[in-house]
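Beneath this line is the structure, given in structure tokens, with notes to follow.
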Amino acid sequence: MIKSCLLIFSFVLLFLSCSEKASEKNEQSQTTFEVIRTTSEASLVVLGTLQDAGSPHIGCNKDCCASFFENPDPLRKVVSLGLIDSKNNKNYLFEATPDISTQLKHLKHITASNKELPDGIFLTHAHIGHYSGLMYLGKEATNADSAPVFAMPRMKEYLETNGPWSQLVKNSNIAISQLKEGWPITLSSSLSVTPFKVPHRDEFSETVGFIIAGPNKLALFIPDIDKWEKWSSSIKEVISTVDYAFIDATFYHGDEINSRDISGIPHPFIIESMELLKDLPSEEKQKIQFIHFNHTNPVLNTNSDAFKIVIKNGFNVAKFGDVFDL
64 MIKSCLLIFS FVLLFLSCSE KASEKNEQSQ TTFEVIRTTS EASLVVLGTL QDAGSPHIGC
124 NKDCCASFFE NPDPLRKVVS LGLIDSKNNK NYLFEATPDI STQLKHLKHI TASNKELPDG
184 IFLTHAHIGH YSGLMYLGKE ATNADSAPVF AMPRMKEYLE TNGPWSQLVK NSNIAISQLK
244 EGWPITLSSS LSVTPFKVPH RDEFSETVGF IIAGPNKLAL FIPDIDKWEK WSSSIKEVIS
304 TVDYAFIDAT FYHGDEINSR DISGIPHPFI IESMELLKDL PSEEKQKIQF IHFNHTNPVL
364 NTNSDAFKIV IKNGFNVAKF GDVFDL
């Protein structure tokens with residue numbers, strides 16, 4: 064299906080570890096950064112890089128969380144991308160996270176827009192970090208007026224038939240448009256978004272990734288997936304067809320989780336992805352932006368050996384505020 068998706072795009076476009084010392088993390092933690100206002104016709108901005116529960120993680124007693132309970136890092140936000148259509152003065156959000164309030168404010172700020180809410184929200188699946196931010200569109204918060212939400216069939220049905228999400232639909236706080244695998248949603252004459260299914264824990268909804276097509280470039284967004292070998296498509300082949308690849312990097316390796324059965328959360332480890340992709344040319348490796356980091360993931364510390372190994376091997380670690388022209 065992913066291959067058929069990419070044919071559609073071509074047609075459309077014809078026009079380490081948690082034991083790191085807290086002091087080390089304080090040294091590498093960036094709490095300020097230069098805000099870059101976008102000037103290109105279309106671009107993506109990284110609005111979050113963390114796994115659903117964020118950092119510090121609830122109930123965490125490890126060194127990787129200790130300092131952040133007392134001194135939170137404002138750049139540690141749950142995984143999200145912003146899509147900026149400067150030509151048409153529109154913004155879109157990928158994922159509705161628990162950090163949606165500050166993420167939308169940042170999206171507004173870097174575009175100098177006067178709009179507080181996006182022109183559309185694309186959801187990948189029904190795990191807490193990816194849709195729970197919708198609650199802030201309800202009457203207890205912003206009381207949005209038919210905010211556009213794009214979701215796959217099971218995700219749409221889940222929101223419509225389960226409270227409190229169904230209240231958002233009943234009160235017209237959100238208006239859900241149904242996505243179809245392999246079918247692009249046209250946002251403008253030069254922007255489209257196409258969903259494709261990926262294997263993941265689908266308790267309440269299917270899980271999708273997205274191809275985001277701009278006037279000049281394509282981006283792949285897969286924040287959650289089970290092991291690469293479970294997918295019917297080849298991640299190597301897919302990377303060859305895009306310009307940016309934001310891919311699941313929840314764990315660096317299995318050893319960082321010592322309180323749960325890692326087989327029950329079968330994300331591709333960063334070390335596995337690097338091994339799988341090690342023979343790619345350097346220009347292909349540079350497309351890759353690892354994203355969706357668990358709070359235990361040592362690459363969150365830019366001084367860690369793990370982070371340095373990723374960079375040395377030719378890959379990238381996504382950072383809050385990064386902007387990519389489309």
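Under the working numbering, the letters of the sequence shown match residues 64 to 389, in that order. We put the beta carbon where it would ideally sit given N, CA and C, even for glycine. Since the model is a prediction, treat every value here as computed from it, not as a measurement.
- As a beta-bridge residue in DSSP terms, Asn154 pairs with Ile147.
- A residue is called buried when at least 16 other Cβ atoms come within 10 angstroms of its Cβ; Gly122 does not meet this threshold and is exposed.
- DSSP, reduced to helix, strand and coil, places Val142 outside both helices and strands of the structure shown, so it counts as coil.
- Cβ-Cβ distances below 6 Å link Lys293 to Pro262 in the same chain, with the five nearest sequence neighbours on each side left out; the list follows chain order.
- With a minimum length of 4 residues, the unbroken runs of alpha helix (DSSP H) contained wholly in the region 231 to 306 fall at 298 to 303.
- Burial is judged here by how many other beta carbons sit within 10 angstroms of a residue's own beta carbon; Phe185 has at least 16 and is buried.
- Counting C-beta atoms within 10 angstroms of its own C-beta, Phe132 has fewer than 16 neighbours from the protein chains shown and is therefore classed as exposed.
- The beta-carbon distance between Phe213 and Gly183, rounded to whole angstroms, is 6 Å. This is short enough to meet the 8 Å contact definition.
- Membership of Ala381 in any alpha helix (DSSP H) is not indicated, and neither H nor E is assigned to it by DSSP.
- One thing to note: Leu200 has its Cβ no nearer than 8 Å to the Cβ of Ala189.
- Contact annotation: Pro331 and Asp311 have beta-carbon atoms nearer than 8 Å.
- Counting other Cβ atoms within 10 Å of its Cβ, His172 stays below 16 and is therefore classed as exposed.
- The criterion of a C-beta distance shorter than 8 Å is not satisfied by Leu167 and Glu158.
- Residues Leu79, Tyr315, Pro361 and Val362 of the same chain have their beta carbon placed closer than 6 Å to that of Ala369, with the five preceding and five following residues left out of the count.
- Under the Cβ criterion (8 Å, minimum of three pairs), the region 272 to 280 does not count as touching the region 221 to 231.
- The Cβ neighbour count for Pro216, taken over all protein chains shown within 10 Å, is under 16; the residue is labelled exposed.
- Per DSSP, reduced to three states, the secondary structure at Ala210 is strand.
- Between the alpha carbons of Asp342 and Gly377 lies a distance of about 11 Å.
- In this model, Pro137 and Ile354 are separated by some 17 Å (Cα to Cα).
- Here Arg139 really is in contact with Leu113; their C-beta atoms are around 6 Å apart, less than 8 Å.
- The Cβ neighbour count for Gln241, taken over all protein chains shown within 10 Å, is under 16; the residue is labelled exposed.
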